[in-house]
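Colleague: Below is the structure I would like to discuss, written out as structure tokens.
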DNA sequence: CCGGTTGTTCAGCG
DNA sequence: GCGCTGAACAACCG
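Structure representation (structure tokens):
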């Protein structure tokens, strides 16, 4: 379910509840459900993998984590974590993290860090990356403070697209490749969004879960890498591991 | 039917 | 206080 583009699809799918009053709340979440009843949903927003239900004085934050899911105007055969009833339908969430945000969202979220947001700021991303030259690119792409919304699939596909090994550090990446990485983190996310909408996402994977490189038919390497220790799929031939020779003084 | 995982947080430890 | 590790969560797919 849950990389950034999937959340954008969710946001688009619930637009008919925007401006509607919540007439009943249920679910096994520990947040105060009474506080939501009879309130109007002002807006739905996303930040990276966060889904935000905005009310006048607070926001309910949904994070689907690995296994979370939702259902609109239907129910799955399991307990709802949070269920919102409207006059024109219902919105149900399962096995997710639910939190209340009391602060204004602009104080909590850096919209410029969300790769799918209109306010995405590539220069700000570059500055954050430059500050951590020792970080592996496979970890940097999963850093939600830099690339909010990027998940493990996007990480692998971006590195394949720009022909960079996941084991390259930020500091060793040639400046042009750094630019490409930042650009493709956003660009691939929009491709992901379009493919997912068309139910053809998997068809477009070139390296993620693949056995053979789409470019040169080399055997793809599958390994858990970096501090994040997430699955990396990469071609040892066309994805280059950049290394600078450091001259000690 | 078992193993692995599109993710994050937190406890525990050195 | 830090960085690191592993557990916990818990559903679906192949």
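Residue numbers (the numbering used here): 822 to 1070. Cβ coordinates follow ideal geometry from the N, Cα and C atoms, glycine included.
(1) Quick check: residue 846 and residue 879, are their CB atoms within less than 7 Å of each other?
(2) Can you tell me whether residue 847 is helix, strand or coil according to DSSP?
(3) I need the DSSP call for residue 913, collapsed to helix, strand or coil.
(4) With a floor of 3 residues, list each beta strand (DSSP E) that falls wholly inside the stretch 869-943, ordered by position along the chain.
(5) Would you mind sorting residue 1002 into buried or exposed? The rule is 16 or more other CB atoms within 10 Å of its CB.
(6) How about residue 835 and residue 912: are their beta carbons less than 7 Å apart?
(7) Relative to the C-alpha of residue 906, which candidate in 983, 941, 844 has its C-alpha closest?
(8) With a threshold of 8 Å, are at least 3 pairs of Cβ atoms found where one atom belongs to the stretch 933-940 and the other to the stretch 968-977?
(9) Whose C-beta lies closer than 7 Å to the C-beta of residue 1070 among residues of the same chain, with five residues either side of it excluded?
(10) Consult DSSP for residue 1000 and reduce its assignment to one of helix, strand or coil.
(11) Is residue 854 helix, strand or coil when you go by DSSP?
(12) Evaluate residue 1065 with the Cβ neighbour count: other Cβ atoms within 10 Å of its Cβ, from every protein chain shown; 16 or more gives buried, anything less gives exposed.
(13) Hey, out of 988, 1007, 895, whose CA is closest to residue 939's CA?
(14) Alpha carbon to alpha carbon, what distance is there between residue 999 and residue 947?
Modeller: So, to answer that:
(1) no
(2) strand
(3) strand
(4) Whole beta strand (DSSP E) segments, 3+ residues: 871-875, 880-884, 890-893, 903-907, 910-915, 918-922.
(5) Its Cβ being crowded by 16 or more others within 10 Å, residue 1002 is buried.
(6) yes
(7) 844
(8) yes
(9) Only weak support exists for where residue 1070 lies, its pLDDT of 46 falling under 50; the value from the coordinates is given anyway. Closer than 7 Å at Cβ, skipping near neighbours: no residue.
(10) helix
(11) Residue 854: helix per DSSP, three-state reduction.
(12) exposed
(13) 1007
(14) 8 Å
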